[in-house]
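As structure tokens, the structure follows; a few thoughts come after it.
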Amino acid sequence: MHPSQWHTFLTLCTQLSHHQRLAGIDVLGKATAQNATVALIEQTAQAQLQCPACHSRHFHRHGHAHGLQRYRCVPCRKTFNALSGTPLAHLRYKERWLDYADCLLGSLSVRKAASQVRIHRNTSFRWRHRFLALAKTDRPHCLHGIAEADEMYILESQKGSRHMTRPARRRGGAARQRGISNEQVCVLVARDRSGQTIDFVAGLGQLTKARLHACLPPVIDRDILLVSDGHPAYPAFAKEIGILHAAVNLRAGIRVRGTVHVQNVNAYHSRLRQWLRAFHGVATRYLPNYLGWRWIIDARRILSPESLLKATMGSFPHLKVT
Ligand SMILES: [Zn+2]
Numbered sequence: 000m001h002p003s004q005w006h007t008f009l010t011l012c013t014q015l016s017h018h019q020r021l022a023g024i025d026v027l028g029k030a031t032a033q034n035a036t037v038a039l040i041e042q043t044a045q046a047q048l049q050c051p052a053c054h055s056r057h058f059h060r061h062g063h064a065h066g067l068q069r070y071r072c073v074p075c076r077k078t079f080n081a082l083s084g085t086p087l088a089h090l091r092y093k094e095r096w097l098d099y100a101d102c103l104l105g106s107l108s109v110r111k112a113a114s115q116v117r118i119h120r121n122t123s124f125r126w127r128h129r130f131l132a133l134a135k136t137d138r139p140h141c142l143h144g145i146a147e148a149d150e151m152y153i154l155e156s157q158k159g160s161r162h163m164t165r166p167a168r169r170r171g172g173a174a175r176q177r178g179i180s181n182e183q184v185c186v187l188v189a190r191d192r193s194g195q196t197i198d199f200v201a202g203l204g205q206l207t208k209a210r211l212h213a214c215l216p217p218v219i220d221r222d223i224l225l226v227s228d229g230h231p232a233y234p235a236f237a238k239e240i241g242i243l244h245a246a247v248n249l250r251a252g253i254r255v256r257g258t259v260h261v262q263n264v265n266a267y268h269s270r271l272r273q274w275l276r277a278f279h280g281v282a283t284r285y286l287p288n289y290l291g292w293r294w295i296i297d298a299r300r301i302l303s304p305e306s307l308l309k310a311t312m313g314s315f316p317h318l319k320v321t
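Throughout the sequence shown, residue numbering follows numbering that gives the first Met the number 0, covering 0 to 321 in sequence.
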């Protein structure tokens with residue numbers, strides 16, 4: 000602003016009532032927050048910007064919309080912006096996104112996040128899953144060396160579903176049958192000794208060899224030593240794909256045989272279980288989002304709201320090469 004404009008501005012400010020000043024501060028605060036968020040979004044998208052309809056990189060600037068630079072694709076004539084085709088497209092209140100990302104990093108409940116960021120709780124719920132949709136894909140590509148694998152079971156939940164396929168349980172609830180049944184979702188977790196962890200929602204009921212085949216081969220190195228408890232599916236699977244396997248006989252009270260143990264993966268399970276407890280049962284269809292969210296926090300690769308916002312657009316911190 001020109002000095003004379005500042006002079007006029009400051010003179011006007013002294014004539015404002017207390018309420019007008021507060022309203023002014025609020026507007027300026029929102030505008031600053033929105034500008035910071037927009038700058039971050041534009042900058043994150045810059046490197047990979049392309050037309051979401053035809054993937055062309057041939058486009059021109061075409062005005063602004065919703066605070067973002069708009070582009071027009073030359074070959075297909077469609078317009079788009081930095082958020083088109085991302086899970087954040089069409090979400091409002093950009094000035095609150097970084098605060099919301101901070102709530103996710105703090106594992107806040109839907110209600111707490113809603114009141115902290117001043118949005119409706121339905122919006123808070125929608126944002127949670129939009130923010131996690133791509134951010135949860137920040138995973139190691141492959142496990143190396145010694146990898147521990149173990150399964151855990153989480154009570155299946157149709158929370159929030161309009162069409163239940165069974166009678167409702169009371170909130171939280173308990174399984175009707177003892178032991179592992181189709182009321183439980185099998186979550187398989189594999190973790191190598193460098194701490195890289197990959198998990199899978201492996202389906203309802205007991206872990207089977209077929210499920211191990213469906214989950215593990217694309218993400219394990221062929222030179223790996225797979226370590227598990229005494230579940231018979233693991234040695235059978237390992238034999239069929241030709242990898243080394245070792246088991247700890249937990250039933251016989253043997254928890255560790257030198258480097259052969261599943262203590263790291265079990266510790267991961269217990270952190271996950273404890274963390275999930277605060278959500279009072281999560282809908283099974285959202286379970287992959289929660290597993291990804293847990294990994295974001297556990298792996299400590301994403302530590303600031305800014306890097307979480309970038310991750311929601313699919314831009315992740317560089318992987319350390321080990
Ligand atoms: Zn196009």
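Glycine included, every Cβ here is placed at the ideal spot set by N, Cα and C.
Within 10 Å of its beta-carbon, does residue i have 16 or more other beta-carbons around it, so buried, or fewer, so exposed?
i      : result
Lys238 : exposed
Ala64  : exposed
Val26  : exposed
Phe236 : buried
Ser114 : exposed
Asp228 : buried
Val255 : exposed
Phe8   : exposed
His260 : buried
Leu90  : buried
Ala201 : buried
Thr10  : exposed
Whole angstroms are fine: how far does the CA of residue j sit from the CA of residue i?
i      : j      : result
Asn288 : Leu203 : 17 Å
Gly313 : Arg129 : 12 Å
Ser3   : Leu15  : 19 Å
Trp274 : Arg293 : 8 Å
Leu87  : Val218 : 29 Å
Ser193 : His18  : 56 Å
Glu94  : Asp101 : 13 Å
Cys53  : Ser83  : 12 Å
Ala310 : Ala277 : 24 Å
Arg221 : Leu211 : 15 Å
Pro304 : Leu97  : 5 Å
Leu271 : Val186 : 11 Å
Leu104 : Ile296 : 7 Å
Pro51  : His244 : 45 Å
Leu206 : Ala232 : 7 Å
Thr258 : Arg284 : 36 Å
Ser108 : His61  : 39 Å
Skipping 5 residues on each side, what residues in its chain have a beta carbon closer than 6 Å to that of residue i?
i      : result
Ala44  : Ala81
Val264 : Glu147, Asp149, Val188 and Arg190
Leaving out the 5 sequence neighbours to the left and right, which residues in its chain are closer than 8 Å to residue i when beta-carbon positions are compared?
i      : result
Gly159 : Ala282
I'd like the list of long-range same chain contacts for residue i, defined as Cβ closer than 7 Å, with 5 residues on each side in sequence excluded.
i      : result
Arg110 : Arg120
Gly197 : For clarity, residue 197 is Ile in the given sequence; the question names Gly instead. Same-chain partners within the cutoff: Arg138, Pro139, Leu142, Ala189 and Val218.
Can you find a CB in chain C that lies within less than 7 Å of the CB of residue i?
i    : result
Trp5 : This model lacks chain C altogether; it includes just one protein chain.
Original post:
When a residue counts only if its C-beta is closer than 6 Å to some heavy atom of ligand 1, which residues count, in chain order?
Top reply: Those residues are Cys50, Ala52, Cys53, Ser55, Cys72, Pro74, Cys75 and Lys77, given in chain order.
**OP:** Please go through the stretch 287-317 and give each complete alpha helix (DSSP H) segment of 4 or more residues, from N-terminal end onward.
**Re:** 304-311
Subject >> Runs of alpha helix (DSSP H) lying entirely within the stretch 43-104, each at least 4 residues, in chain order >> reply: Restricting attention to alpha helix (DSSP H) runs no shorter than 4 residues, the stretch 43-104 encloses them at 96-104, ordered along the chain.
Original post:
At which residue ranges does the stretch 223-251 contain complete beta strand (DSSP E) runs of 3 or more residues, listed in the order of the chain?
Top reply: 224-227 and 243-246
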